[in-house]
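Worksheet: the structure to be examined is printed underneath.
Residue numbers (my numbering): 20 to 239.
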């Protein structure tokens with residue numbers, strides 16, 4: 020496999036199973052609009068894309084309604100939902116192995132940056148990582164490509180040798196692969212997340228691994 024130096028990690032569905040926290044908060048956010056979401060297949064699509072996109076596309080809300088729904092979502096998510104998650108098996112070992120191998124590891128998530136840090140603090144992973152880049156609450160940084168562009172900016176400021184050619188994004192949905200392609204970097208998929216191996220291959224991932232052990236062995 021191509022030798023990388025910078026590893027950009029997606030969070031939801033790649034590092035952590037955030038299904039419970041995200042979907043509980045989505046259902047809470049939709050209550051005022053009389054929208055009742057049930058079933059794993061219906062709810063899984065909310066994990067990955069920005070909330071503004073999901074609420075307007077999947078729930079039919081106007082832009083104004085979506086903004087209000089995001090505020091309500093965060094009412095539950097920040098104090099409760101952010102902690103309703105677990106690391107996928109092998110994630111801690113992979114991050115530690117990558118650190119020992121000399122990789123620069125960066126979180127690049129469409130989740131708000133403050134909440135990314137909350138999750139990482141919960142699992143005591145912040146010391147293992149080099150940077151955390153997430154969405155901004157004001158909507159300025161929202162989509163995957165906007166998150167990646169901010170990550171590029173920070174990496175260029177911190178590392179004189181940063182290059183996209185030495186950077187790979189590890190993610191679990193086509194939103195990750197699409198963002199990586201638009202940003203000009205490779206994407207490696209994980210097959211255990213919310214998108215699945217077939218989705219990642221179809222979206223242009225350069226490789227897909229079914230578990231963290233296989234990913235670790237490929238890159239270390």
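Backbone N, C-alpha and C fix where the C-beta goes; we use that ideal spot for every residue, glycine too.
Check	Outcome
Following the continuous beta strand (DSSP E) through residue 206, name the residue where it begins and the one where it ends.	205-209
Here's the rule I'm using: 16 or more other beta-carbon atoms within 10 Å means buried, otherwise exposed. How should residue 69 be labelled?	buried
Over what stretch of residues does the alpha helix (DSSP H) that includes residue 124 continue unbroken?	Where residue 124 is concerned, there is no enclosing alpha helix (DSSP H), although the beta strand (DSSP E) it sits in stretches over 123-131.
Residues in the same chain with beta-carbon distance under 6 angstroms from residue 268, minus the five sequence neighbours each way, listed in chain order, please.	In the structure as shown, the chain starts at 20 and stops at 239, and residue 268 therefore has no counterpart that could be examined.
Out of curiosity, what's the CA-to-CA distance linking residue 127 and residue 195?	10 angstroms
If we ignore side chains and look at the alpha-carbon of each, how far apart do residue 210 and residue 236 end up?	15 angstroms
In the DSSP assignment, find the unbroken beta strand (DSSP E) run with residue 153 in it and report its ends.	150-154
Given this structure, state the Cα-to-Cα distance separating residue 130 from residue 161, to the nearest angstrom.	8 angstroms
CB residue 125 to CB residue 135, shorter than 8 angstroms?	no
DSSP on residue 37, reduced to helix/strand/coil?	coil
Using the Cα positions of residue 174 and residue 182, report the straight-line distance between them to the nearest angstrom.	9 angstroms
So, are the CB atoms of residue 198 and residue 163 less than 8 angstroms apart?	yes
So the candidates are 157, 200, 201 and 122; which of them puts its Cα closest to the Cα of residue 178?	122
For a test of the three-state rule: what should DSSP assign to residue 186, helix, strand or coil?	strand
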